[in-house]
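The next block holds one structure in the form of structure tokens; read it before the comments.
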Amino acid sequence: MIRIEFEEPIVEICECCNNETIKLTRFVYKDENAFAIYYLKFTKGHDYKYALGIISIGDWGTDEEPKNRFSFPFRIWLNDNNEYQIGLMDKEESPWQNALLGKILDRKDALQHPWIKEVFHITDHIVFEDEKLIEYFD
Ligand SMILES: [Zn+2]
């Protein structure tokens, strides 16, 4: 069972258009154990609506780059039928490059990773439960 803990949003001003960029941090628990964190980022008022995100799963450890931790960058948007779409992205496209996130996987490696099912399980919860994101796409 997945439970998400929601932090207060951070609001920044987009350099390209002076609209608000919303940055979200969430902690994910699985059967009440710390399991993952994810970040989301989106800007209000852009013509094309999408959000960027990254899900980081694994041990935090004490290494500079935790070896048993992997991160999966992705993009969320709505298709013409107003259904959420999730697209994995390459590492270099990710606005998050923090070493503490562990190894950030390119799309092709992410798709073959044994944890990819957990990633899509979490994104299912995100589009259903993350009110700030849902509100943005509404
Ligand atoms: Zn902008």
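Residues in the sequence shown are numbered from 3 upward in steps of one, following our numbering.
Just so you know, even glycine gets a beta-carbon here, dropped at the ideal spot from N, CA and C.
Relative to the C-alpha of residue i, which candidate in the options has its C-alpha closest?
i    : options              : result
N21  : T45, F37, K32, I6    : T45
I136 : Q87, K119, E95, E17  : Q87
D82  : V30, D33, Y138, K51  : K51
R71  : A53, D49, L80, N100  : N100
I78  : P116, Y41, F37       : Y41
L102 : V121, I15, E66, I118 : E66
I12  : H115, G47, K134      : K134
P75  : W62, I56, G89        : I56
L80  : Q114, Y138, R28      : Y138
T27  : H115, L113, W98      : W98
N84  : D140, E10, M91       : D140
Chain D beta carbons: is any one of them nearer than 7 angstroms to that of residue i?
i    : result
N100 : This model lacks chain D altogether; it includes just one protein chain.
Identify, in the order they occur along the chain, each residue of the same chain with its Cβ nearer than 7 angstroms to the Cβ of residue i, setting aside the five sequence neighbours on each side.
i    : result
G60  : P68, N70, R71, F72, G104
E120 : I59
H115 : F72, L107
G89  : F76, R77
Sorted by chain position, which residues of the same chain lie with C-beta nearer than 6 angstroms to residue i's C-beta, five sequence neighbours on each side aside?
i    : result
K93  : I106, D108
C16  : T23, T45
K43  : K25, L54
E14  : T23
E129 : This sequence places Val at residue 129; Glu is not what is there. Within the same chain, V129 has close Cβ partners Y86.
Counting only the same chain and skipping the five closest in sequence on each side, list residues whose C-beta sits under 8 angstroms from that of residue i.
i   : result
Y31 : I4, R5, I6, E7, F37
C19 : T45, G47, H48
D33 : M3
I39 : T27, R28, F29, V30, I57, S58
> Do the region 124–132 and the region 104–114 meet, that is, are 3 or more Cβ pairs less than 8 angstroms apart?
Replying inline: No: fewer than three Cβ pairs fall under 8 angstroms.
> So which residues touch the region around ligand 1, with touch meaning a C-beta under 6 angstroms from any heavy atom?
Replying inline: Per the Cβ criterion, the list is C16, C18, C19, N21, T45, H48.
> Unbroken alpha helix (DSSP H) runs of length 4 or more, entirely within the region 50–121: which are they?
Replying inline: As far as the region 50–121 is concerned, its whole alpha helix (DSSP H) runs of at least 4 residues are 109–114.
> Quick one: complete beta strand (DSSP E) runs, 3+ long, within the region 8–53?
Replying inline: DSSP assignment within the region 8–53 yields the following whole beta strand (DSSP E) runs of 3 residues or more, N-terminal first: 12–15, 22–32, 35–45.
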